[in-house]
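Report on the structure given below.
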Amino acid sequence: MANVLLDHVAAKVEEALAALGVQGFDVREVIEIPPGRELGDYAFPCFQLARVLRKAPDRIAEELGQRIGPTELIERVEVVKAYVNIFLNRDESSRRVVEAVLARGDDYGKSDVGNGKTVVLDFSSPNIAKPFHVGHLRSTIIGHSLARIFESLGFKTVRINHLGDWGTQFGKLIVAYRRWGDRARLEAEPIRELLDLYVRFHQEAENDPSLEDEARAAFKALEDGGVEETRLWQEFRDLSLEEFERTYRRLGVHFDSYLGESAYNEAIERTVAELEAKGLLKESEGALVVELEGMPPCLIKKKDGATLYATRDLAAAVHRYETYRFDHMFYVVGAPQQLHFAQVFGVLKRMGYPWVEACEHIAFGHVRFGDEAFSTRKGNVIFLEELLDQAVARVRAIIEERNPELEEKDRVAEAVGVGAVIFNDLAHNRIKDVVFDWETALNFEGDTGPYVQYTHARAASVLRRGVEEGVAPAGAFSVGRGDLAGEEEFQLAKALAQYPDAVQRAAEEREPSEIARYLLDLCRDFNSFYHAHRIVGSPNARARLALVAAVKQVIKNGLYLLGIEAPEAM
RNA sequence: GCGCCUAUAGCUCAGAGGAUAGAGCGCCGGCCUCCGGAGCCGGGUGCGCAGGUUCGAGUCCUGCUAGGCGCACCA
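Here the first sequence stands for residues 598 to 1167, where the numbers follow the working numbering.
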């Protein structure tokens, strides 16, 4: 499934090129949308052909232009210098696009290019016993969105939550809990209690460095199967997971596997043995490392014999390949960990696993708060729940003010508030750092999730109106010849035609923001159209309603890929 | 010190090597007894610096500057 307009144009350009004796030229790559409408709908610049054909680009354009005859879709061709500018027939193009969108419905934009290949996505992966804060949100929703995008392109996906449920931090928590823990509070609000313990540990450790040693010893005891340590760890883990599940439900996120770092305690020994057998382990300052080219060595075991993050990631990668035989594995983890993944991939390569080429670190910029980094240790965090609650509350207030008759206010407020938070994060290129501020996060005007959802609700409202007026009862749209001949209708339809391209790009770049931005553009176009033209009261109301239905469908499909709901009213 | 990332409008950000660099926020001014004003229309300022590659560079390369992140027993 691709762009119904561009496909036609590209095919015609290719035919014309063939007539000039040019084969295998990637027309789709070169063809572009001109900067101004007066220059046509699509343009084909001929500069690159000048070298191939050894002719002046202007002349090539001239010859090409003559060979691209009018078709049902192509109305005329104008050559301007080295550009072949193609003008489409408004009515026919709009009609075809609208019909294609409505015919495919929820499937519009999907394709089967993935051909059943498997993508494993490692995302979210919060640390147990630490609050789920705004910093974790990015991994969670970028991963979730990428999973949906790849599914829509015919890939099989496996969502893995690689829980941070192992490591020295648990030594710290065990030590802190033994000294200052409050049983009742742990059961009532586990994450808060664990966070406080964690923060207090670091405060006290500043004056008493021996605590750090004690914590390392406690973790070693845990790793060696100490009964008391294991019991506490299990409890911390269970209680934390319950809280995370609540947040995941709100975000509509689910996982196929919750195998966290702790799941690899046995596999790790096999991995270390394998490294040993392959002669890759070197002793260095008492620790075991694998040396790598062009970067610092990867630490495999500490001098006390305990394992490290990288060791567990290695074991996990091997296990995942054995389990899923993935064609791609995405690690949706913050950019600060680039070196870590370069090292892990480097070790896998030295181990001789060809599938390391399928592993990819999907890095994203970190979230800062003002000029301070979020720091769990300092307790300087914004809880995601708090952000979601505030967003939902504000939406609720706006509904009360502007649409008090709305049904299911709470459900809609939840969808819009959560959608605002998600969209705010997905609207930017993932690699950019984001500075969190409440004003931006809780703004619902302009380039925001609620704007897109509002546009969807407005389209839904117009369609309901069409039914009420008996113009298009029960969605009985029909687009006859001549119905969509207008310029504005065409521009909207052209935007709809581009949706599959946006999805494709989002997948190729692993960049959900491509879809977010596409939706903003589409919504702007639609709202302009809406304000400029009557729909229900117009002579071609049925056709315009079909166009509105197509717009609504595409917004819904796009929001779904971002993990955002599309309410019928708000 | 070494490595990675970033630098575009007052702010937040888009920009497929191609024609005249675009949105949102903020500010100012408008929007019809009519389909939802979370909307629409109008108003202006900009590619960090210096070279290079190319028919053509905001986009690619090199150097510099500024900011962020990372660099051994945390994850």
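Ideal Cβ positions, reconstructed from N, Cα and C, are used throughout, including at glycine.
Selected residue, minimal CA-CA separation from residue i, among the options
| i | options | result |
| --- | --- | --- |
| Thr920 | Ala907, Asp853, Ala884, Thr908 | Asp853 |
| Pro728 | Glu1005, Glu839, Cys895, Val944 | Glu839 |
| Glu635 | Leu614, Val676, Ala615 | Val676 |
| Ser1110 | Gly764, Glu811, Asp1044 | Asp1044 |
| Phe684 | Lys609, Asp719, Thr1037 | Lys609 |
| Ala616 | Ile665, Gln935, Arg922 | Ile665 |
| Leu985 | Val1015, Glu998, Arg991 | Val1015 |
| Arg947 | Leu936, Pro894, Arg993, Lys899 | Pro894 |
| Arg1102 | Met926, Ile1112, Tyr774 | Ile1112 |
| His1130 | Glu1105, Gly1160, Glu997, Glu1084 | Glu1084 |
| Glu626 | Pro632, Asn1137, Val606 | Val606 |
| Gly751 | Gly768, Lys714, Thr844 | Lys714 |
| Leu734 | Lys678, Ile1019, Glu880, Leu1039 | Ile1019 |
| Ser1058 | Ala647, Leu829, Ile897, Val1148 | Val1148 |
| Leu848 | Leu1119, Ile739, Ala1138 | Ile739 |
| Gln645 | Asp623, Gly633, Gln663 | Asp623 |
| Asn1137 | Ser1125, Glu1162, Phe1074, Ile1161 | Phe1074 |
| His1173 | Asp719, Phe747, Ala785 | Since the displayed the chain opens at 598 and closes at 1167, residue 1173 lies outside it and no answer follows. |
| Glu748 | Leu856, Ile996, Asp709, Ala679 | Asp709 |
| Leu1159 | Trp1035, Ala1024, Ala1054, Phe1123 | Ala1024 |
| Arg1121 | Ala1099, Glu1165, Leu1060, Glu1042 | Glu1042 |
| Phe841 | Phe938, Ser722, Asp1098, Lys1006 | Ser722 |
Three-state class that DSSP yields for residue i in the structure shown
| i | result |
| --- | --- |
| Thr715 | strand |
| Cys956 | strand |
| Gly1168 | A query on residue 1168 cannot be resolved here, the shown segment of the chain reaching from 598 to 1167 and no further. |
| Phe852 | coil |
| His730 | strand |
| Glu858 | helix |
| Arg780 | helix |
| His759 | coil |
| Arg1008 | helix |
| Thr754 | strand |
| Phe1041 | coil |
| Arg1121 | helix |
| Arg965 | strand |
| Phe923 | coil |
| Val601 | helix |
Short Cβ contact (7 Å threshold) for residue i with residue j
| i | j | result |
| --- | --- | --- |
| Gly732 | Val964 | yes |
| Leu1116 | Gly1155 | yes |
| Tyr705 | Val698 | yes |
| Asn686 | Leu670 | yes |
| Ala960 | Ala914 | no |
| Ala1069 | Ser691 | no |
| Ala1094 | Leu602 | yes |
| Glu1086 | Leu1144 | yes |
| Gly883 | Lys900 | yes |
| Leu905 | Leu896 | yes |
| Val681 | Val717 | no |
| Arg834 | Gly768 | no |
| Ala1163 | Lys1153 | yes |
| Gly1063 | Val1133 | yes |
| Phe980 | His730 | yes |
| Leu1039 | Ala994 | no |
| Ala1104 | Ile628 | no |
| Val850 | Thr737 | yes |
| Glu809 | Ala802 | yes |
| Thr1052 | Phe1123 | yes |
| Glu826 | Leu819 | yes |
| Leu885 | Leu878 | yes |
| Leu783 | Ala726 | no |
Rounded Cβ spacing between residue i and residue j (contact assumed at less than 8 Å)
| i | j | result |
| --- | --- | --- |
| Gly962 | Val887 | So it is not a contact: roughly 29 Å between Cβ atoms. |
| Asp688 | Leu1081 | 5 Å |
| Gln1050 | Met892 | Gln1050 to Met892, Cβ: 45 Å. No contact. |
| Phe927 | Arg1107 | 7 Å |
| Gly1072 | Ala1140 | Not really, about 13 Å apart at Cβ, beyond 8 Å. |
| Ala679 | Cys643 | 5 Å |
| His937 | Ala864 | That pair is no contact at about 19 Å. |
Output the residue ranges of the beta strand (DSSP E) runs that lie fully inside the stretch 868-906 and measure 3 residues or longer, sorted by chain position. Counting whole runs of 3 or more residues, the stretch 868-906 contains the beta strand (DSSP E) stretches 878-881, 884-887, 895-898.
Mind pulling the beta strand (DSSP E) runs of 3 or more residues that sit fully within the stretch 1062-1105? Counting whole runs of 3 or more residues, the stretch 1062-1105 contains no beta strand (DSSP E) stretch at all.
Which runs of the alpha helix (DSSP H) spanning at least 4 residues fall entirely within the stretch 620-646, listed in chain order? Listed in chain order, the alpha helix (DSSP H) elements of length 4 or more contained wholly in the stretch 620-646 are 624-627.
Start-end ranges of the alpha helix (DSSP H) lying completely within the stretch 652-730, minimum 4 residues: Runs of the alpha helix (DSSP H) lying entirely within the stretch 652-730 and spanning at least 4 residues, in chain order: 654-664, 687-701.
Every unbroken alpha helix (DSSP H) inside the stretch 813-854 [4 residues or more]: Correct list: 824-848.
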